[in-house]
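K.L.:
Numbering (mature numbering (1 follows the signal peptide of the UniProt record, and there is no 0)), first residue to last: -30 to -1, 1 to 377. The structure under discussion is supplied below as structure tokens; questions concerning it will follow.
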């Protein structure tokens, strides 16, 4: 009598089912918005109690002595430039993009980068290469203590590119855009920039323009987890505009990036070196440190009677988050989003003896459209000035372990 033997296809069915289930699980875990629609009701993503303040661990016991040395070195460079070239005025209209570790060329830049240059023919264009950056760091800015050492210590080009954009815009001014930014409009035809009056004067009292990227003050803990957020607010740093040279805001960003980098190195394993994951990148060189530095400069330089401060404190009523534990004064963190148009603070608004340089914050749909949060509209929004492809190529830990560990 012949023994019954299940067919090969029947034996494989359970394995196929398990494999498919695992694939679905991985897919769901990788798509926050899909998980939201499958598992969460809308109300589960709303906390009901807004949070306006996040304190980075890198600001706990910062190296104040090193930060003071950095600040003074940057100020010395500013003073030297004023002595040679006269008082700093509006920056040259130049578009900056960065490609490190590759031979520069049209095939490396991609269609978006080429289109950005074509869309703004009245602006000069500069592609920053590895060689140019090396000279800028080691020669032009050689007097900044520890800069070259820290720059070369980064294990990934994306970290160097973060620091470079701040240094370049501080030193030269101009408009920075990642190479995966598509120009929905020319720079000067951007509605939010036109409304900000920056291009309506030959001598704007604004040294920095940033865009809102995250504006979810009432996001629940679950939503924060799903989107990998530690802040419910944030500014974009894949596109930045510096209408004037030597922005005090960018100066503070640079000081913190270098200070945080040094601390991370000092606390790292002596054999493995400094390792960077998503959180450390955001806090050391990325949008986290960028956002915090800008808001802290506003808090330190604006008088308590300034509308930006009073509106922030009003939004914080009954929460008490925005009172600085060190100074007892308000932190200007609330109400930075939910803008229908640009919100600008003139440099002259700073209290006596304080340096601000002036700041304009653009609403989310100017530069941050195309996202699935914060009330952002799609890429075709009438308010869209640029579209960001969100390629995620800045996340080297998502690549092979060999590439992440050895560079």
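Note that beta-carbon positions come from the ideal geometry of N, C-alpha and C, so glycine has one too.
Would residue 349 count as contacting chain B if we go by Cβ distances under 8 Å?
P.N.:
Within the model displayed, chain B is absent; a lone protein chain is all it includes.
K.L.:
Which residue comes first and which comes last in the beta strand (DSSP E) that contains residue 98?
P.N.:
94 to 98
K.L.:
Can you check the region 117 to 189 for any alpha helix (DSSP H) of at least 4 residues that lies completely inside it and give the ranges in chain order?
P.N.:
Here the runs fully enclosed are 117 to 123, 127 to 141 and 161 to 165.
K.L.:
Could you name the residues of the same chain whose beta carbon sits closer than 7 Å to that of residue 372, not counting the 5 residues immediately before and after it, in chain order?
P.N.:
Because the pLDDT of residue 372 is 32, which lies under 50, any placement of that residue in the model is unreliable, and the question is left without a value.
K.L.:
Mark residue 340 as exposed unless 16 or more other C-beta atoms lie within 10 angstroms of its C-beta, in which case mark it buried.
P.N.:
Result: buried.
K.L.:
Would you identify the three-state DSSP class for residue 60, choosing helix, strand or coil?
P.N.:
strand
K.L.:
If you drop the 5 nearest sequence neighbours on each side, which residues of the same chain put their C-beta closer than 6 Å to that of residue 37?
P.N.:
Around residue 37: 225 and 229.
K.L.:
Out of 354, 268 and 329, which has the shortest C-alpha to C-alpha gap to residue 213?
P.N.:
329
K.L.:
Assign residue 318 to buried or exposed, taking buried as 16 or more other Cβ atoms, counted over all protein chains shown, within 10 Å of its Cβ.
P.N.:
exposed
K.L.:
Can you check DSSP and say which residues form a bridge with residue 330?
P.N.:
179 and 314
K.L.:
If you follow the alpha helix (DSSP H) that residue 258 is part of, which residue opens it and which one closes it?
P.N.:
257 to 271
K.L.:
Nearest by alpha-carbon distance to residue 223: which of 195, 173, 268 and 276 is it?
P.N.:
268
K.L.:
What is the C-beta distance between residue 338 and residue 181, in whole angstroms, given that I count them as a contact (C-beta under 8 Å)?
P.N.:
Yes, residue 338 and residue 181 are in contact; Cβ-Cβ is about 6 Å, under 8 Å.
K.L.:
If contacts are defined as beta-carbon pairs under 8 Å, then residue 130 and residue 70 qualify, I think. What distance do you get, rounded to the angstrom?
P.N.:
6 Å
K.L.:
With DSSP as the reference, identify every bridge partner of residue 54, one or two as the case may be.
P.N.:
Beta-bridge pairing links residue 54 to no other residue.
K.L.:
Using a Cβ distance threshold of 8 Å, determine whether the region 174 to 192 contacts the region 99 to 111, with at least three qualifying pairs required.
P.N.:
Contact fails: fewer than three Cβ-Cβ distances are below 8 Å.
K.L.:
So residue 356 is in the alpha helix (DSSP H); what residue range does that whole segment cover?
P.N.:
Residue 356 -> not in any alpha helix (DSSP H); beta strand (DSSP E) instead, spanning 356 to 358.
K.L.:
Have a look at residue 160 and residue 59 and give me their C-alpha separation to the nearest angstrom.
P.N.:
In this structure, the straight-line span from the alpha carbon of residue 160 to that of residue 59 is close to 22 Å.
K.L.:
Less than 8 Å between the CB atoms is what I'm expecting for residue 111 and residue 67, so what's the real figure, rounded?
P.N.:
Not really, about 19 Å apart at Cβ, beyond 8 Å.
K.L.:
Using 8 Å for Cβ pairs, my map puts residue 93 next to residue 221. What's the rounded Cβ distance?
P.N.:
So it is not a contact: roughly 24 Å between Cβ atoms.
K.L.:
Where does residue 381 sit, in a helix, a strand or coil, going by DSSP?
P.N.:
Residue coverage of the chain in this structure runs from -30 to 377, which leaves residue 381 outside it and unanswerable.
K.L.:
Verify the contact flag: residue 174, CB atom, against every heavy atom of the ligand ADP, threshold strictly below 7 Å.
P.N.:
Because no ligand of any kind appears in the structure shown, any question about the ligand ADP cannot be addressed here.
K.L.:
I want to know whether the region 113 to 133 touches the region 190 to 197 - three or more CB-CB distances under 8 Å.
P.N.:
no
K.L.:
Do residue 177 and residue 217 have their C-beta atoms within less than 8 Å of each other?
P.N.:
yes
K.L.:
Skipping 5 residues on each side, what residues in its chain have a beta carbon closer than 8 Å to that of residue 27?
P.N.:
253
K.L.:
Residue 251 and residue 227: beta carbons closer than 8 Å?
P.N.:
no
K.L.:
Quick one: grab the DSSP three-state call for residue 80.
P.N.:
helix
K.L.:
Quick one: grab the DSSP three-state call for residue 109.
P.N.:
Reduced to three states, the DSSP call for residue 109 is helix.
K.L.:
According to DSSP, what are the bridge partners of residue 239?
P.N.:
Looking at the DSSP assignment, residue 239 forms a beta bridge with 243.
K.L.:
Decide if residue 358 is buried, meaning its Cβ has at least 16 other Cβ atoms within 10 Å, or exposed.
P.N.:
buried
K.L.:
Suppose you measure from the CA of residue 175 to the CA of residue 90; what does that come to, to the nearest Å?
P.N.:
23 Å
K.L.:
Measuring straight from C-alpha to C-alpha, what distance separates residue 348 and residue 241?
P.N.:
Cα atoms of residue 348 and residue 241: separation of roughly 46 Å, rounded to the nearest angstrom.
K.L.:
Quick one: give me the first and last residue of the alpha helix (DSSP H) that residue 254 is part of.
P.N.:
248 to 254
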